[in-house]
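Engineer: Sequential numbering from 84 applies to the sequence shown in our numbering.
Even glycine gets a Cβ: it sits at the ideal position worked out from N, Cα and C.
Quick one: structure below, then a few questions.
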Amino acid sequence: MANIEEWLANANEAIHISLVSPSESGLQHLATFNPRHTYSIFGEEEQIFGYRDLKVSLRFRANDMRPHLKTSYSKKFNVDGGPEPTDVAALLREGNHLPKIAFATASDFEESSKLIGDNWVPPGTLHATFDSPDGEYEIWRGNLADPTIQQLNSRLQIFVPFFIEGGTYIGQDPEMDSTELDLSDADRWTFFALYQKRKVADKTSYVFVGYSTIYRFYYFQPPTPPASPRSDEWELPKGEVDLAELPSRTRLSQFVILPPFQGKGNGARLYKTIFEHYHKIPQTYEFTVEDPNEAFDDLRDICDLQFLRTMPDFNDLRLDTDVTLPKKGTLPKLVVGSDKLETIRLQAKIAPRQFGRVLEMHLMSQLPQSVRPTMDIDGDKPEATQADKHQGKIWSLIVKQRLYRHNKDVLSQIEPHERVDKLDDTLQGVGLEYARILAALERSVKHSQSQPVANGKRKLGAEETEQDPGSKKARVENS
Numbered sequence: 084m085a086n087i088e089e090w091l092a093n094a095n096e097a098i099h100i101s102l103v104s105p106s107e108s109g110l111q112h113l114a115t116f117n118p119r120h121t122y123s124i125f126g127e128e129e130q131i132f133g134y135r136d137l138k139v140s141l142r143f144r145a146n147d148m149r150p151h152l153k154t155s156y157s158k159k160f161n162v163d164g165g166p167e168p169t170d171v172a173a174l175l176r177e178g179n180h181l182p183k184i185a186f187a188t189a190s191d192f193e194e195s196s197k198l199i200g201d202n203w204v205p206p207g208t209l210h211a212t213f214d215s216p217d218g219e220y221e222i223w224r225g226n227l228a229d230p231t232i233q234q235l236n237s238r239l240q241i242f243v244p245f246f247i248e249g250g251t252y253i254g255q256d257p258e259m260d261s262t263e264l265d266l267s268d269a270d271r272w273t274f275f276a277l278y279q280k281r282k283v284a285d286k287t288s289y290v291f292v293g294y295s296t297i298y299r300f301y302y303f304q305p306p307t308p309p310a311s312p313r314s315d316e317w318e319l320p321k322g323e324v325d326l327a328e329l330p331s332r333t334r335l336s337q338f339v340i341l342p343p344f345q346g347k348g349n350g351a352r353l354y355k356t357i358f359e360h361y362h363k364i365p366q367t368y369e370f371t372v373e374d375p376n377e378a379f380d381d382l383r384d385i386c387d388l389q390f391l392r393t394m395p396d397f398n399d400l401r402l403d404t405d406v407t408l409p410k411k412g413t414l415p416k417l418v419v420g421s422d423k424l425e426t427i428r429l430q431a432k433i434a435p436r437q438f439g440r441v442l443e444m445h446l447m448s449q450l451p452q453s454v455r456p457t458m459d460i461d462g463d464k465p466e467a468t469q470a471d472k473h474q475g476k477i478w479s480l481i482v483k484q485r486l487y488r489h490n491k492d493v494l495s496q497i498e499p500h501e502r503v504d505k506l507d508d509t510l511q512g513v514g515l516e517y518a519r520i521l522a523a524l525e526r527s528v529k530h531s532q533s534q535p536v537a538n539g540k541r542k543l544g545a546e547e548t549e550q551d552p553g554s555k556k557a558r559v560e561n562s
């Protein structure tokens with residue numbers, strides 16, 4: 084009997100994703116990288132069975148991201164009565180992970196690249212342009228109801244399970260076995276795509292960098308007493324209701340920067356552009372993020388803190404060092420200007436929990452060095468005075484109040500003394516997390532101050548360079 088283990092390949096290593104760019108001499112290779120996750124496609128073990136020296140080549144045309152799949156191997160498992168090798172192409176096709184055009188011949192993929200004119204532009208509307216040390220970037224925006232945006236999304240969506248932990252496709256019901264996607268609410272989705280704009284001689288080409296999708300929910304406002312009717316007659320408003328004019332909660336759902344473009348500020352650049360866009364829209368009451376991972380949380384925290392610090396009322400917030408802390412009972416207000424907190428949050432359009440975390444970072448940055456949490460555990464700290472300790476105590480109580488509210492159900496099930504220990508341990512972890520983020524922000528500010536001013540276009544700030552998306556309209560191909 085053949086050793087089955089010898090015929091197993093790690094899917095993350097076997098899949099090679101490439102970006103190729105059309106040129107006069109053919110397709111030019113730009114970058115190759117591997118997926119981070121493949122369990123949602125190939126199972127929890129992330130393995131492909133039945134081949135020796137397996138290579139799954141997934142090429143994307145760098146401008147319009149048309150994909151092409153090719154599988155190669157030196158030997159295929161073939162034993163009577165044995166298990167069948169994984170049919171990679173069938174799995175990707177039947178699962179709707181790739182559009183049909185990905186399974187066309189290599190010659191069709193290469194020949195079609197020659198048909199793209201020099202005046203090709205991305206689908207949607209040009210939303211923003213940026214300068215960066217490595218070139219010029221553009222962000223294009225479109226609605227998923229647009230067929231050209233739907234086509235682009237169908238080509239890009241495989242990056243969601245590849246690079247987002249637990250990521251799902253737009254229109255996919257994770258509770259159902261069906262691979263069909265429901266796009267009946269496509270008009271609620273907005274698509275932001277980031278491209279690098281490259282110039283060679285007198286020609287311009289686009290290279291896809293990353294993208295984000297945004298979903299619009301109706302925002303239920305607190306009820307207010309209705310005005311007294313002028314008469315007993317009442318009728319529905321005439322005409323159709325424009326959903327774009329209704330109050331909404333905007334949720335960032337998917338966010339992907341391709342690996343070759345990470346660590347260059349592209350993530351911060353895309354996030355800040357999206358946030359600023361929706362912050363300016365009167366109908367948007369709150370901007371939220373769906374299940375962010377740790378890396379995205381860092382990016383979001385830095386960008387949100389920088390934004391809030393542009394608001395004078397937020398900058399005026401500080402710890403109330405004059406307050407007297409009771410040994411037990413209800414705590415007094417611990418922040419000078421606390422009566423404005425909800426007003427500031429509503430003006431910023433940031434969700435309550437996120438606003439609370441960023442406020443805690445801001446207040447922690449005001450603490451004396453003697454009591455401020457730091458990543459430099461072995462570093463020397465000045466001796467804390469009683470006033471310093473008092474200030475540190477106030478900050479810790481603010482954080483503990485939020486932690487208790489957020490984890491009330493869990494904490495209520497353990498003994499009071501254990502509850503105190505648990506909160507103290509969590510507080511220490513929160514302090515170190517904030518110290519790491521504030522240190523990254525400080526590096527960003529120093530780097531930003533050393534950068535020259537750009538000519539005519541927005542120059543990337545340091546937080547963006549350190550963090551890590553008469554022309555012819557884009558055409559819709561056969562999927």
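Less than 7 Å separating the beta-carbons of THR121 and ASN95?
Structural biologist: Position 38 of the sequence shown, counted from the first residue, corresponds to residue 121. Position 12 of the sequence shown, counted from the first residue, corresponds to residue 95. It is a contact, given that the beta carbons lie within the stated cut-off.
Engineer: Could you tell me the alpha carbon to alpha carbon distance between LYS363 and ALA173, rounded to whole angstroms?
Structural biologist: As a working note, residue 363 is residue 280 in the sequence shown. As a working note, residue 173 is residue 90 in the sequence shown. Computed Cα separation, rounded: 45 Å.
Engineer: Figure out for me which residue from GLU443, GLU129, GLU377 has the closest Cα to the Cα of PRO244.
Structural biologist: The count along the sequence shown starts at 1 and reaches residue 244 at position 161. Considering only alpha carbons, the answer is GLU129.
Engineer: Out of curiosity, what's the CA-to-CA distance linking ASN146 and TRP90?
Structural biologist: The count along the sequence shown starts at 1 and reaches residue 146 at position 63. The count along the sequence shown starts at 1 and reaches residue 90 at position 7. Straight through space, the alpha carbons of TRP90 and ASN146 are spaced by roughly 36 Å.
Engineer: Quick one: using the 10 Å Cβ neighbour count with 16 as the cut-off for buried, is SER495 buried or exposed?
Structural biologist: Here residue 495 corresponds to residue number 412 of the sequence shown, with the count starting at 1. Its Cβ having fewer than 16 others within 10 Å, SER495 is exposed.
Engineer: Under a three-way DSSP split, which group does ARG541 fall into?
Structural biologist: Taking the sequence shown and counting its residues from 1, the one referred to as residue 541 is at position 458. The predicted position of ARG541 is uncertain, since its pLDDT is 46 and thus under 50; no value can be drawn from it.
Engineer: Considering only residues of the same chain and omitting the five flanking positions on each side of GLY250, which have a CB-CB separation below 7 Å?
Structural biologist: Numbered from its first residue, the sequence shown carries residue 250 at position 167. Contacts found: VAL243, PRO244, GLN337.
Engineer: Which whole runs of the beta strand (DSSP E) in the stretch 201 to 288 are 3 residues long or more, in chain order?
Structural biologist: 208 to 215, 218 to 226, 272 to 283
Engineer: Determine, using beta carbons only, whether PRO257 and ILE232 come nearer to each other than 7 Å.
Structural biologist: Along the sequence shown, one-based indexing puts residue 257 at 174. Along the sequence shown, one-based indexing puts residue 232 at 149. Against a cut-off of 7 Å, the Cβ pair of ILE232 and PRO257 comes out as no contact.
Engineer: Hey, could you find the ends of the alpha helix (DSSP H) ALA434 is sitting in?
Structural biologist: As a position in the sequence shown, residue 434 is number 351, starting the count at 1. Looking at the DSSP string, ALA434 is not in any alpha helix (DSSP H), and its letter there is neither H nor E.
Engineer: Just the Cα atoms here: how many angstroms apart are MET447 and SER453?
Structural biologist: Position 364 of the sequence shown holds residue 447. Position 370 of the sequence shown holds residue 453. Rounded to whole angstroms, MET447 and SER453 show a C-alpha spacing of 12 Å.
Engineer: On the criterion of 16 or more Cβ atoms from any shown chain inside 10 Å, does ARG119 qualify as buried, or is it exposed?
Structural biologist: Counting from one through the sequence shown, the residue named residue 119 turns up at place 36. Flag for ARG119 reads exposed.
Engineer: Taking the alpha helix (DSSP H) that ARG488 falls in, what are its first and last residues?
Structural biologist: On the sequence shown, position 405 is the one that residue 488 refers to. Segment 469 to 489, the alpha helix (DSSP H) holding ARG488.
Engineer: Using a 10 Å radius around the Cβ and a threshold of 16 neighbouring Cβ atoms, would you call PRO150 buried or exposed?
Structural biologist: The sequence position of residue 150 within the sequence shown is 67, counting from 1. Result: buried.
Engineer: With DSSP collapsed to three states, give me the class of GLY439.
Structural biologist: Here residue 439 refers to the residue found at position 356 when the sequence shown is read from its first residue. Of the three classes helix, strand and coil, the one that applies to GLY439 here is helix, per DSSP.
Engineer: Since ALA97 contacts LYS138 with CB under 8 Å, what's their CB separation in whole angstroms?
Structural biologist: Along the sequence shown, one-based indexing puts residue 97 at 14. Along the sequence shown, one-based indexing puts residue 138 at 55. The pair is a contact, with the Cβ atoms about 6 Å apart (cut-off 8 Å).
Engineer: Can you tell me which of TYR156, ILE124, TRP223 puts its alpha carbon nearest to the alpha carbon of GLY133?
Structural biologist: Counted from its first residue, the sequence shown places residue 133 at position 50. Ranked by how close their Cα comes to the Cα of GLY133, the residues TYR156, ILE124, TRP223 have TYR156 in first place.
Engineer: Can you tell me the Cα-Cα spacing of LEU175 and VAL419, whole angstroms?
Structural biologist: Against the sequence shown, residue 175 aligns to sequence position 92. Against the sequence shown, residue 419 aligns to sequence position 336. Rounded to the nearest angstrom, the two C-alpha atoms are 57 Å apart.
Engineer: With the cut-off set at 7 Å, would you say TYR361 and THR333 are in Cβ contact?
Structural biologist: Numbered from its first residue, the sequence shown carries residue 361 at position 278. Numbered from its first residue, the sequence shown carries residue 333 at position 250. In contact: TYR361 and THR333 (Cβ atoms closer than 7 Å).
Engineer: What does the Cβ neighbour count give for ILE477, buried or exposed, with the cut at 16 atoms within 10 Å?
Structural biologist: Taking the first residue of the sequence shown as position 1, residue 477 is located at position 394. Classification of ILE477: buried, given that the 10 Å Cβ count is 16 or more.
Engineer: Ignoring anything shorter than 3 residues, give me the beta strand (DSSP E) runs that lie fully in the stretch 313 to 397, in order along the chain.
Structural biologist: 331 to 340, 367 to 372
Engineer: Inspect the CB distances between the stretch 395 to 413 and the stretch 457 to 468 and report whether three or more fall short of 8 Å.
Structural biologist: no
Engineer: Do THR208 and the ligand GTP come close, with the Cβ less than 6 Å from some heavy atom?
Structural biologist: Ligands in the displayed structure: none, and consequently the ligand GTP is not present.
Engineer: Thinking C-beta only, is ASN226 closer than 7 Å to ALA273?
Structural biologist: The count along the sequence shown starts at 1 and reaches residue 273 at position 190. The count along the sequence shown starts at 1 and reaches residue 226 at position 143. Before going on, a small fix: residue 273 reads as Thr here, not Ala. It is a contact, given that the beta carbons lie within the stated cut-off.
Engineer: Just to check my reading of the structure: ILE253 and LEU264 have Cβ atoms closer than 8 Å, yes? What is that Cβ distance to the nearest angstrom?
Structural biologist: Here the question's residue 253 lines up with position 170 in the sequence shown. Here the question's residue 264 lines up with position 181 in the sequence shown. Right, the Cβ-Cβ distance comes to about 7 Å (below 8 Å), so this counts as a contact.
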